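Asks: Can you keep this structure in mind? I'll have questions shortly.
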Amino acid sequence: MPDCAALQSMTPTSRSSTIVSMSKTLYERIWEAHSILEGEDGQTLLHVGRHIAHDGSYHAFEFLRQRGLRVRRPDQMFATPDHGVSSSSHELAAITDPEQRRVVELLEKNTQEYGIVHFALNDSRQGIVHVVGPEQGITQPGLLMACGDSHTSTHGALGALAFGMGASDILHVMATQAIWQRRSKTMRIAVEGILPLGVTAKDVILAIIAKIGANGAVGHVIEFTGSTIRSMSIEERLTVCNMAIEAGARAGMVSPDDTTYRYLNGRPFAPKGAQWDKALAYWHTLPSDADAVYDTEVALDAAVLSPMVTWGNSPEDALPIDGKVPDPAAETNIERRAYLLRTLDYMGLTPGMPLSGLVVDQVFIGSCANARIEDLRAAAVVARRGRAVVPTLVVPGSTQVKLAAEAEGLDRVFREAGFLWAESSCSMCVGMNGDLVGAGKRCASTSNRNFVGRQGKGSRTHLMSPAMAAAAALTGHITDVRK
Amino acid sequence: MEPFNTLTGIAAPLDRPNVDTDQLMPARYMRKPREGGFQTFLFRDLRFDDSGNEIPDFVLNQEPYRQARILVADRNFGGGSSREQAAWSLSDFGIRCVVAADFGDIFYLNALKCGLLPVRLSIDICLILRRQLHAHPGFKMTVDLPQQRVQAPDGQYYSFSIDPFHKRRLLEGLDDIGFTLTHETAMSAFEQGYRQRFDWLFDYER
Chain A
148 MPDCAALQSM TPTSRSSTIV SMSKTLYERI WEAHSILEGE DGQTLLHVGR
198 HIAHDGSYHA FEFLRQRGLR VRRPDQMFAT PDHGVSSSSH ELAAITDPEQ
248 RRVVELLEKN TQEYGIVHFA LNDSRQGIVH VVGPEQGITQ PGLLMACGDS
298 HTSTHGALGA LAFGMGASDI LHVMATQAIW QRRSKTMRIA VEGILPLGVT
348 AKDVILAIIA KIGANGAVGH VIEFTGSTIR SMSIEERLTV CNMAIEAGAR
398 AGMVSPDDTT YRYLNGRPFA PKGAQWDKAL AYWHTLPSDA DAVYDTEVAL
448 DAAVLSPMVT WGNSPEDALP IDGKVPDPAA ETNIERRAYL LRTLDYMGLT
498 PGMPLSGLVV DQVFIGSCAN ARIEDLRAAA VVARRGRAVV PTLVVPGSTQ
548 VKLAAEAEGL DRVFREAGFL WAESSCSMCV GMNGDLVGAG KRCASTSNRN
598 FVGRQGKGSR THLMSPAMAA AAALTGHITD VRK
Chain B
244 MEPFNTLTGI AAPLDRPNVD TDQLMPARYM RKPREGGFQT FLFRDLRFDD
294 SGNEIPDFVL NQEPYRQARI LVADRNFGGG SSREQAAWSL SDFGIRCVVA
344 ADFGDIFYLN ALKCGLLPVR LSIDICLILR RQLHAHPGFK MTVDLPQQRV
394 QAPDGQYYSF SIDPFHKRRL LEGLDDIGFT LTHETAMSAF EQGYRQRFDW
444 LFDYER
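Chains A and B, in that order, are what the protein sequence lines are.
In this text, residue positions in the first sequence follow the numbering used here: the first is 148, and each later residue adds one.
In this text, residue positions in the second sequence follow the numbering used here: the first is 244, and each later residue adds one.
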C-alpha cells in the first residue's frame with residue numbers, strides 16, 4: 148500500500164495482554180458492564196444495550212417469524228428507513244423500485260407489530276441510522292450497540308461500543324438481546340497536533356487507513372486518542388469512527404469527555420433531570436485510564452497532514468492532494484502490480500498523473516461519513532465562491548440535518564451554486580435508491596467506500612472531505628481546496 | 244445449516260486482493276428474497292457483462308471451476324458491507340470454504356453462520372496454493388476442520404486456527420440461538436439488573 152511520507156512510522160508494540168494492571172480501557176469497561184456470562188469455549192455472552200435497525204432488517208424479521216420467535220426486548224430497539232429511501236421525496240410512492248418500497252413498508256409493519264420506536268419516512272426524525280442515533284441521543288456513552296450495517300462503528304464517537312453485523316447475528320440479537328463474542332485486541336491510534344487549515348476529520352481517517360491498510364485493524368477495536376481527537380467536535384469524531392470499519396476494525400471509539408456530554412444534553416432520548424445526573428456520574432467512570440495497555444499502538448502527526456483523496460478501489464488507496472497515481476512498473480511485488488494495473492484500468496488513470504486536476508463528471512456530498520450539519524456548512528463555505536460546473540448532489544444525513552441547514556439558509560447557498568438539494572437517505576453512497584454514478588463516470592464523493600461498482604456498475608469514486616468535494620464541483624476537477 | 248466436517252473439492256484460485264462484499268454481491272441485488280437463492284448474483288459484475296453473457300476470463304466461468312467448492316484468495320477478503328448476502332451467494336453457488344490471508348471481520352462471522360468455512364493462512368501460503376492450483380487445474384483440495392488443516396496439491400499440509408466456539412458450531416451444524424436460550428435464567432437476571440442500573444435507558448418518550 149502507498150506510504151505517506153508525511154506520516155510517522157507505525158509502532159506495533161504488541162504488548163502482552165497479561166500485564167497485571169488495574170487500569171482499564173473504555174472498551175474493557177463497556178465489555179464488563181454488558182457481560183452476562185462466559186461460555187466454556189472462551190466466548191462471552193454480551194447483552195446488547197440498544198439495537199438500531201433500518202430497511203435492510205426485513206430478512207432478520209422474516210427469519211424470526213419462520214422460527215416462531217419474537218423480538219425479546221422491543222424497547223431496546225429503534226428503527227428508521229434509509230438505504231432504499233428516495234432522495235427526491237419522502238412520499239412512499241417516490242420509491243420507484245418495488246423491492247425497495249416493499250422493505251421500507253415492511254419496516255413500518257414489523258416495528259408496529261412489536262411496538263418498536265420507528266422514525267418513518269414522513270417523521271421529521273427520519274434519517275441515516277448512524278446520523279439519527281447520535282442526533283436523537285439514542286447513542287450514549289457506555290452502551291453496547293448493534294446494527295445490521297457495517298458503519299455502526301460510527302456510534303463509538305460518543306463512547307459507545309457499536310458493532311455492525313449480518314442478518315443471522317441480527318436475528319440472534321432480536322431473539323436474545325445478546326451476542327456471543329471473544330474479546331478483541333485493542334489498538335490505540337493517537338493523533339496529536341493541530342490540523343492545518345483545510346484539513347478535516349475525513350483527511351485524518353483517510354490518512355490512518357492509508358497508513359495501516361484496509362485490513363490494518365482486523366481483530367482489533369480501535370480507540371482514537373490524542374489532542375487532535377480531543378479538540379474535535381462530536382460530528383468530526385463521528386466521521387473518524389465511521390471509517391474505522393474501512394481499516395478492518397470491529398469497532399472504533401473515543402472516550403467520552405465534556406464535548407460528549409455537552410453534545411448529548413437536551414437531545415430527545417438523552418436522560419433528563421435527576422436521571423441526567425445519574426447517567427453523567429456513570430459516564431465519568433468510563434474513559435480509558437491514561438496508563439491503560441493496548442495490544443497495538445499507532446501514532447499520527449496531525450500537523451503535517453494535507454487534504455486526502457483516494458485514487459483506487461480501496462479506502463487504503465489514499466494520498467495527499469499533491470500526490471500522484473502510483474506506477475505499476477515501479478512495483479516489485481507481482482500480486483501488488485497486478486492489483487495496480489487492474490485498478491488503474493478500472494479507474495481510467497495513467498501512472499504518475501497528479502490527482503489534482505483530475506476531471507470529474509459529478510459530485511456527491513452525503514452519507515453517514517459526511518452529511519451532518521457541520522459537513523454541510525463546510526461545503527457551503529466553498530459553494531458560496533462559485534457555481535457547480537458538473538452535476539452535484541447534496542443529500543443531508545437526516546431530516547433534522549435538512550431542517551437545520553434550511554434554517555441557516557444553506558439550502559439557498561447550494562441552490563444558488565447550482566447544487567441539487569435533496570431529501571435525506573443513504574443515496575449515492577450505495578446507490579440502492581436509484582441515485583447512481585454511471586459506468587465510466589468519475590465522482591468526487593464524501594462517502595466512505597470507493598469499491599468497484601459501489602456507486603453503480605462501472606462507477607469511479609474518489610473519496611474526500613465535504614470542502615474538497617464542493618471545490619471539485621466548482622472547478623470540475625479534483626482541486627486543493629486550500630488554493 | 245449444513246454441518247461442516249471434511250471437505251474435498253475443486254479449488255479455484257482467485258488472484259486478487261481486497262475482494263469486498265460489493266464485488267461478491269452487488270448492492271442492487273440485496274433486496275431479493277432468500278428463497279430464490281443468491282448464486283446467480285455471486286461476483287455478478289465480474290462474471291457477467293451488461294447483456295448477461297459470461298465473461299470468459301473470470302475463473303468461475305471456466306471449467307472445471309464451475310464446480311468449485313473451495314476458493315483460494317489473497318489478502319483482505321470480504322471487507323466492506325455487513326451484507327450476509329455476500330456469504331449466501333458463495334454458499335448458494337456451492338463454495339463451502341474460502342482460504343485467504345485475512346477476512347473482513349463481519350464477513351468472517353457471517354460465513355460461519357451459513358456453514359461456509361473461512362480459513363486464514365498466511366499471504367505466502369495463499370500464494371503457494373494459488374500457484375499450485377494454476378499448475379494443476381481442477382485439483383481437489385481437502386479441508387479438514389476436525390484436524391484444522393488444508394492439504395495442498397503437492398501433498399503438504401497447512402494448519403489453520405479457528406475459535407473452538409465456531410469450530411463446534413460448524414461441526415454440529417447448529418446456530419447459536421437455541422444454545423443461547425439455554426442460558427435464559429442468567430439472561431433474565433442480567434437484564435433485570437441492567438434495567439435497574441441504567442434505568443435512564445428505559446425511561447424515554449417516543
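From the three backbone atoms N, C-alpha and C, an ideal C-beta is built for every residue, glycine too.
All of these numbers come straight from a predicted model, not from anything done at the bench.
Does DSSP classify A/D448 as helix, strand or coil?
Replies: Looking at A/D448 - three-state DSSP - the assignment turns out to be strand.
Asks: Distance, Cα to Cα, B/D345 vs A/L567?
Replies: So the alpha carbons of these two residues sit roughly 41 Å apart.
Asks: Pop quiz: A/I468 and A/D316 are said to be a contact at Cβ under 8 Å. What is the actual Cβ separation, rounded to whole angstroms?
Replies: At roughly 39 Å, the Cβ-Cβ gap does not stay under 8 Å, so A/I468 and A/D316 are not in contact.
Asks: Thinking C-alpha only, which one of A/E382, A/R217, A/A396 and A/H367 is nearest B/G323?
Replies: A/A396
Asks: Pick out whichever of B/P256, B/M244, B/F301 and B/N248 has its Cα sitting closest to the Cα of B/P396.
Replies: The shortest CA-to-CA distance from B/P396 to any of B/P256, B/M244, B/F301 and B/N248 is the one to B/P256.
Asks: Candidates A/S572, A/P473 and A/N389: which alpha carbon is nearest A/G513's?
Replies: Taking only the C-alpha atoms, the option nearest A/G513 is A/S572.
Asks: Is it buried or exposed for B/N353, if we count other Cβ within 10 angstroms and need 16 for buried?
Replies: buried
Asks: Is there a Cβ from chain B that is less than 8 Å from the Cβ of A/P159?
Replies: With a pLDDT of only 41 at A/P159, under 50, the local geometry of the prediction cannot be trusted, and the value read off the model is given with reservation. No, no contact with chain B.
Asks: Enumerate in chain order the residues of its own chain whose CB-to-CB distance from B/G381 is below 7 Å, with the five nearest sequence positions on each side excluded.
Replies: Excluding residues within five positions, the ones whose Cβ falls inside 7 Å are I253 and P307.
Asks: Round the Cβ separation of B/I420 and A/T323 to the nearest angstrom and send it over; I've been treating them as touching at under 8 Å.
Replies: Between A/T323 and B/I420 the Cβ distance is about 7 Å, and since that is below 8 Å, they are a contact.
Asks: Among A/E478, A/D492 and A/N389, whose alpha-carbon lies nearest the alpha-carbon of A/P462?
Replies: A/N389
Asks: Go through its chain and collect everything with a Cβ distance to A/T160's Cβ below 6 Å, but skip five positions before and after it.
Replies: Caution is warranted here: a pLDDT of 42 is assigned to A/T160, below 50, making its placement in the model unreliable, and no coordinate value can be reported.
Asks: With distances taken from CA atoms, which of A/A516, A/A357, A/A304 and A/H298 is nearest A/M312?
Replies: Here the closest residue by C-alpha is A/H298.
Asks: Can you round the beta-carbon distance between A/S234 and A/E563 to whole angstroms, since I take them to be within the 8 Å contact cut?
Replies: Not quite, the Cβ-Cβ distance comes to about 20 Å (not below 8 Å), so this is no contact.
Asks: Using the beta-carbon count (16 or more within 10 Å), is A/D405 buried or exposed?
Replies: exposed
Asks: Taking three-plus beta-carbon pairs below 8 Å as touching, is the region 441-461 of chain A in contact with the region 179-187 of chain A?
Replies: no
Asks: Below 6 Å CB to CB, which residues in the same chain sit around A/T490 once its five sequence neighbours on both sides are set aside?
Replies: Excluding residues within five positions, the ones whose Cβ falls inside 6 Å are G459 and N460.
Asks: Can you give me the C-alpha to C-alpha distance between A/A361 and B/R318, rounded to a whole angstrom?
Replies: Looking at the two C-alpha atoms, the distance is approximately 10 Å.
Asks: For the region 400-427 of chain B, which residues have a CB atom closer than 8 Å to at least one CB atom of chain A, in sequence order?
Replies: D406, P407, F408, R411, D418, D419, I420, T423, L424 and H426
Asks: Helix, strand or coil for A/T593 per DSSP?
Replies: The answer is coil: DSSP assigns A/T593 none of H, G, I, E or B.
Asks: For A/K425, go through chain B and note every residue whose CB falls closer than 7 Å to its CB, in chain order.
Replies: W443
Asks: Counting only runs of 4+ residues fully inside the region 385-417 of chain A, write out the alpha helix (DSSP H) ranges in chain order.
Replies: 405-411
Asks: Beta-carbon of B/I349 versus every beta-carbon of chain A: anything under 8 Å?
Replies: Chain A, which has a Cβ nearer than 8 Å to the Cβ of B/I349, makes this yes.
Asks: In chain order, what are the residue ranges of uninterrupted alpha helix (DSSP H) at least 4 long that sit wholly in the region 280-340 of chain B?
Replies: 287-290 and 328-336
Asks: Note down, in chain order, every chain A residue with its Cβ under 7 Å from the Cβ of B/L250.
Replies: Chain A residues near B/L250: none, gap ~21 Å exceeds 7 Å.
Asks: Are B/P260 and B/R287 closer than 8 Å when you measure CB to CB?
Replies: no
Asks: If we cut at 8 Å on Cβ distances, does B/E245 have a partner in chain A?
Replies: no
Asks: Near A/I381, what residues of its chain come up, given a Cβ to Cβ distance below 8 Å and the 5 sequence neighbours on each side ignored?
Replies: P281, A304, L305, T406, T407 and Y410
Asks: Could you name the residues of chain A that B/E327 contacts, counting a contact when the two beta carbons are closer than 7 Å?
Replies: G313, A314 and S315
Asks: Measure the C-alpha to C-alpha separation of B/T283 and B/R326 and round it to an integer number of angstroms.
Replies: 16 Å
Asks: In terms of alpha-carbon separation, which member of B/F403, B/E245 and B/R449 lies closest to B/G337?
Replies: B/E245
Asks: Strictly below 8 Å CB to CB, what residues from chain B border A/G600?
Replies: D265, Q266, P269 and D288
Asks: Could you compute how far the alpha carbon of A/A394 sits from the alpha carbon of B/Y351?
Replies: 15 Å
Asks: Between A/L502 and A/G470, how many whole angstroms is the CB-CB distance? I'm expecting something under 8 Å.
Replies: 5 Å
Asks: In whole angstroms, what is the alpha-carbon distance linking A/F561 and A/L290?
Replies: 37 Å
Asks: Using the beta-carbon of each residue, which ones in chain A are nearer than 7 Å to B/D345?
Replies: Simply N362 and V365.
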